[in-house]
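Quick note: this note's numbering has the sequence shown finishing at residue 507, numbered continuously throughout.
In this text, a Cβ means the ideal position worked out from N, Cα and C, and glycines have one as well.
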Amino acid sequence: MAQTVQERIFQLMRRGQTMTRQDIAENLSLSMPTVLQHVTRLIEAGILEEWGAAQSNWGRKAKMLRLRPEAGDVLGINIGIRLIEFVTADLMGNLRQSGAISLPFRDEPDWYIQFQRALLDFFAQYQVDSSQILGAGVSFPGIIDSQRNQVVRSHILGVEHMGLERFEKALPCPAVFENDANCACFVERSAERDSYVYLSLNESVGGAVMLRGRLWMGDTFQAGELGHMILIPGGRRCYCGKQGCADAYLSPQALEQDGWETYLEHLALLASNLRMLLNLDLVIGGQVGSKIRPQMDTLLVKTAQYDRFARDVNYIFPCGQQEYACALGAARAGLEAFGSQLLHKAEMVVS
157 MAQTVQERIF QLMRRGQTMT RQDIAENLSL SMPTVLQHVT RLIEAGILEE
207 WGAAQSNWGR KAKMLRLRPE AGDVLGINIG IRLIEFVTAD LMGNLRQSGA
257 ISLPFRDEPD WYIQFQRALL DFFAQYQVDS SQILGAGVSF PGIIDSQRNQ
307 VVRSHILGVE HMGLERFEKA LPCPAVFEND ANCACFVERS AERDSYVYLS
357 LNESVGGAVM LRGRLWMGDT FQAGELGHMI LIPGGRRCYC GKQGCADAYL
407 SPQALEQDGW ETYLEHLALL ASNLRMLLNL DLVIGGQVGS KIRPQMDTLL
457 VKTAQYDRFA RDVNYIFPCG QQEYACALGA ARAGLEAFGS QLLHKAEMVV
507 S
């Protein structure tokens with residue numbers, strides 16, 4: 157379905173830049189009268205606003221425009237084995253409110269009732285008007301098949317082929333569902349970095365691959381299952397049944413068992429393998445990733461022992477979002493899917 161002019165302007169401005177009306181016309185190949193008409197309507201609806209003036213050495217300075225972040229909210233939810241995290245984000249994907257509740261997951265009717273109550277309590281605590289939520293993103297530690305609307309498999313939650321209808325009924329808005337590592341990967345995307353590998357070092361080790369601003373899902377939605385790459389042949393038994401998986405050596409439990417020195421040796425080996433395979437930056441996140449910054453110098457030295465192609469190992473970075481990464485990433489996925497609903501709510505869509 158073709159986008160309307162206002163949807164095209166909205167998506168362009170969601171990149172976070174300030175632009176003049178002329179910039180919009182040039183970027184979208186639109187005439188100035190068309191841009192003036194639709195920008196005026198978006199300003200009247202409170203979706204765009206004027207934000208300073210463009211630099212100019214002569215003549216009248218053109219007004220800069222930006223998307224009003226507070227014009228709409230999206231909801232992000234992360235389903236963990238023990239905790240549920242809730243966040244709201246503005247139209248630019250910035251974190252607004254956040255909270256967590258202890259609620260061990262069970263795919264049973266009474267759990268969904270408790271989940272809905274917890275969400276309503278979150279709304280009440282932060283005075284969130286649920287009718288103003290454009291949409292939601294929900295993060296799961298498992299493989300999601302969006303076409304069949306199900307969690308194909310989640311070892312950590314102990315479910316297979318779980319339909320998502322109960323979640324949808326418990327939510328006050330439309331929702332998209334996404335793998336937790338994919339969600340956390342979303343958070344690290346920026347104009348400066350739009351292609352990278354994200355390594356999630358949580359209770360189960362996972363990952364995601366971002367290519368030119370889009371997640372690479374693979375043929376069966378399993379791209380980025382970095383935790384089940386063989387790191388030590390014949391090594392420790394992994395929960396998946398294989399021996400030597402990265403998951404068995406890079407989880408928080410493995411760090412507690414082995415200590416930083418041995419843990420970083422294993423991490424350096426995986427990091428260099430990923431660099432050889434994809435030749436992309438590596439962002440390290442998750443529970444361990446949020447604590448790894450003081451260990452970065454040691455990790456880079458150890459990785460250099462395996463990488464004989466790079467003059468400097470300058471492609472490994474600690475995650476930027478250390479808390480609520482999966483929930484915030486889910487909110488941004490919801491923003492991708494439902495952000496333009498704001499135009500419909502404002503009765504602004506024209507062909």
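- Spanning the alpha carbons of residue 316 and residue 296 requires a straight line of approximately 12 Å.
- 8 Å or more divides the Cβ of residue 172 from the Cβ of residue 486.
- When secondary structure is reduced to three states using DSSP, residue 225 falls in the helix class.
- Pairing residue 416 with residue 426, the inter-Cα distance amounts to about 15 Å.
- Within the segment 369–451, the beta strand (DSSP E) runs of at least 3 residues that lie entirely inside it are, in chain order, 437–441.
- CA-CA distance, residue 339 to residue 476, rounds to 14 Å.
- Between residue 469 and residue 456 the beta-carbon gap is near 5 Å, inside 8 Å, which marks them as a contact.
- In the three-state scheme derived from DSSP, where H, G and I count as helix and E and B as strand, residue 259 is classed as coil.
- Collapsing the DSSP output to three states places residue 325 in a helix.
- Cα atoms of residue 484 and residue 328: separation of roughly 18 Å, rounded to the nearest angstrom.
- Runs of alpha helix (DSSP H) with 4 or more residues, each lying fully within the segment 257–342, are found at 265–282, 321–326, listed in chain order.
- Boundaries of the alpha helix (DSSP H) harbouring residue 485: 481–494, taken from the DSSP string.
- In the three-state scheme derived from DSSP, where H, G and I count as helix and E and B as strand, residue 206 is classed as strand.
- If you draw a straight line from the Cα of residue 431 to the Cα of residue 378, it is about 19 Å long.
- Beta-bridge partners assigned by DSSP to residue 365: 353.
- For residue 219, the beta-bridge partners assigned by DSSP are 209.
- Residue 412 places its beta carbon 8 Å or farther from that of residue 458.
- Residue state for residue 250 is assigned as coil, using DSSP reduced to three classes.
- The segment 250–258 and the segment 301–311 do not touch, with fewer than 3 CB-CB distances between them shorter than 8 Å.
- The closest CA to that of residue 199, considering only 182, 169, 452, 184, is found on 169.
- Going by beta carbons, residue 322 and residue 350 fall outside the 8 Å limit.
- The Cβ atoms of residue 203 and residue 498 lie closer than 8 Å to each other.
- For residue 194, same chain residues with a beta-carbon under 8 Å away, outside a window of 5 residues either side, are 161, 162, 165, 506 in chain order.
- Counting of Cβ neighbours within 10 angstroms places residue 188 among the exposed residues, the total staying below 16.
- Boundaries of the alpha helix (DSSP H) harbouring residue 166: 161–169, taken from the DSSP string.
- Using a Cβ distance threshold of 8 Å, residue 290 and residue 343 do not count as a contacting pair.
- For residue 245, the enclosing beta strand (DSSP E) has its first and last residue at 239–245.
- A distance below 8 Å separates the beta carbons of residue 446 and residue 478.
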